[in-house]
Amino acid sequence: MALAAVIRIQQALAVIASLLLTGYLFPNQAIVNDSDEYDFIIVGGGSAGSVIADRLSECPQYKVLVIEAGDDPPIESVVPSIFAFLPRTKCDWNYTSVNDNRTAQTHASKSLNLTSGHVLGGGSSMNYMFYVRGCQNDYDSWARSVNDSSWRYSEVHPFFIKSERLENKEILNSQYRDYHGVNGFLGVTRGEDRDETRKYLDAFKELGHRVLLDINGNSTLGYTIPLFTIANNMRQTTALTNLGRNKHRPNLHVLKKTLVTKILFDENNNAIGVNALTEGDELIAITANREVIISAGAINTPKLLMLSGIGPKNHLQSLNIQVRSDLPVGMNYQDHPIIFAAIKMEESQTRPPPSDPHKPSPSFIGYVALNDSSTCPDYQAVHFIFPSNSELPYQLCIFNFGFDETVCRNLIKASNNRNILLANLSILRPKSRGRVLLRSTHPKDPPLVHAEIFSDETDLTDLTDYLEDYLKVLNTTYFKDVNAEFVDLELEQCEGLNFGSREYWRCYVECTMSTMFHYSGTCAMGSVVDGHLRVLNVSRLRVGDTSVMPVITSGNTNVPVIMIAEKLSHMIKQLHSN
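Going by this note's numbering, the first residue of the sequence shown is number 1449, and it counts up by one from there.
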């Protein structure tokens, strides 16, 4: 079946990776010895860490070291359309959530696959490449949380512009031009406006939704063909756009396949460096003469802080870790929970033409608010259009999301001579909060991630509302003309419930929930770091990644975290230029 085929393809890609075909794009391995000194040490060369390293190394007087646990992105990362083979490889930390015996019970492991980048470029090397900023109010709420007006959207907007290099003439010649940058490092292109996509957009327009050229402008509500972080037929991973592009800078050093195990402090609680375990299992100490910046992501950043004595006092003491700063590190964990809805569309026995692997699959995206007076969306609907007899819906279900075969098997039957529209519906402002805890004091042990999806019942109710709202599209002209049908997954847990009833949809939501892999909030501004992203109660230590978000953004998180990195770099430069 498809799962075995995926594994065979991954094995073949692993052989190709051994040829180091992409290695020339990225920095060489730095030679770092015990007791070496740098001005800045950045832990994590992901979406944020790579940008911070780029911006700080623009100043030739600063010696900058990036320490990344993973290696260079392989070809399936660089070529946009084959990214689905990256999970469960050495590019993935392969974390799973703790089984709460309620959610994710239809997943094979009874837990969520928490795919996250164990690779240079981090999430930007593995994600779905959507260019989405979120809603203006997201950032205004951050400013209120930390009592710092510099986080308002009007203040952070220039940092979005700074990083972007939009390459779409239609938008650049439109009213949306002022919302985009053209000189940044991050190449951005728009998906193809195809006839098949236009049919779907017209259907949602019939329901009263706006169809927009761009949702990153003044309005974030409506359906659109998405922007992607793809340019020159390549994924715009920050490993390439920020580290690879500047690999010849003599003051930029990148140490790969090295795990930072502890942050080092002096007697005055100044961060002075890190301990790191090299590829050869050699433990070395590296000194930072100015600052240490943690950009390891919303799961690994709290893990490292807690291993270093910064975190909840009771939890650290239970593991005999000396407490340096009692802070709610690891708390406030947030994510965008999703459900998937598959719809059978046109009958078709036509074999689709070969697709261009350098371009994204046909897709469109919607941002919807149930209340007409809202300016920010309640849910996101990401759509993928699959030709008849495609195994890709089944592959995404069983491999990428990790559902049990009994859930996914009906997708194979549904695809028989029918095109499939697969929608991922996500709640954009969840109220549930989870936590990240240490499993042990061993740095190589994965942390305990209590995702706590639906711990606030409002989220389950809301997502059920969103599914019912979304399925109104079945009554539109186009969907009726092709006899569109919702794919019944024949869920055991929902047996006995009337299909299509409110009770059924609530059960369906609970059974088909998964994650958008947008982990955030675990070192939040206002409780763990201040408005300058400095860790509270210690000095010379900052955090720059999605963990600092007090509240998750209303959309994909890669572009917002690049903005955070740009702003953090600016603040650091301002401080050290004096």
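Where a beta carbon is used, it is the ideal one built from N, C-alpha and C, also for glycine.
Note that the C-beta distance between R1638 and I1663 is not below 8 angstroms. If you draw a straight line from the Cα of Q1553 to the Cα of Q1828, it is about 24 angstroms long. Excluding five sequence positions before and after S1987, the CB atoms of its chain that fall closer than 8 angstroms to its own CB belong to N1716, N1717, N1718 and A1719, given in chain order. Contact check for G2003 and V1580: beta-carbon distance about 4 angstroms, within the 8 angstroms limit, so the pair qualifies. Burial state of Y1472 is exposed, judged by a 10 Å Cβ sphere holding fewer than 16 other Cβ atoms.
Within the same chain, Y1952 come within 8 angstroms of N1946 by CB-CB distance, once the 5 residues on both sides are set aside.
The shortest C-alpha to C-alpha distance from L1725 to any of V1480, A1462, L1451 and V2007 is the one to V1480. Burial is judged here by how many other beta carbons sit within 10 angstroms of a residue's own beta carbon; H1696 has fewer than 16 and is exposed. For a cut-off of 8 angstroms, the C-beta gap from M1793 to R1866 is around 6 angstroms, short enough to register as a contact. Within the model, the alpha-carbon separation for L1614 versus D1774 is close to 43 angstroms.
For the 8 angstroms CB-CB criterion, T1912 and V1957 form a contact.
When C-alpha distances from P1785 are compared across C1507, Y1914, Q1584 and D1978, the shortest belongs to Y1914. In this chain, D1904 is not harboured by any alpha helix (DSSP H), its DSSP state being neither H nor E.
If you draw a straight line from the Cα of G1582 to the Cα of L1504, it is about 26 angstroms long.
Rounded to the nearest angstrom, the Cβ distance from V1546 to T1686 is 30 angstroms, too far for a contact under 8 angstroms. When the beta-carbon positions are compared, D1993 and A1733 stay at least 8 angstroms from each other.
Taking C-beta separations shorter than 8 angstroms and ignoring five residues to either side along the sequence, the partners of L1896 in its chain run V1546, V1884, L1885, L1886 and R1887, following chain order. Buried is the label assigned to K1511, since at least 16 other Cβ atoms lie within 10 Å of its Cβ. If you look at Q1941, you'll find it isn't in any beta strand (DSSP E); DSSP assigns it neither H nor E.
In the DSSP assignment, Q1509 falls outside any beta strand (DSSP E), carrying neither H nor E. Per DSSP, the beta-bridge partners of S1874 are I1786 and Q1828. As for any beta strand (DSSP E) of minimum length 3 sitting wholly inside the stretch 1652-1688, the runs are 1670-1672, ordered along the chain.
Here the alpha carbons of T1963 and A1899 stand approximately 10 angstroms from one another. For N1723, DSSP records a beta bridge to K1710 and A1733.
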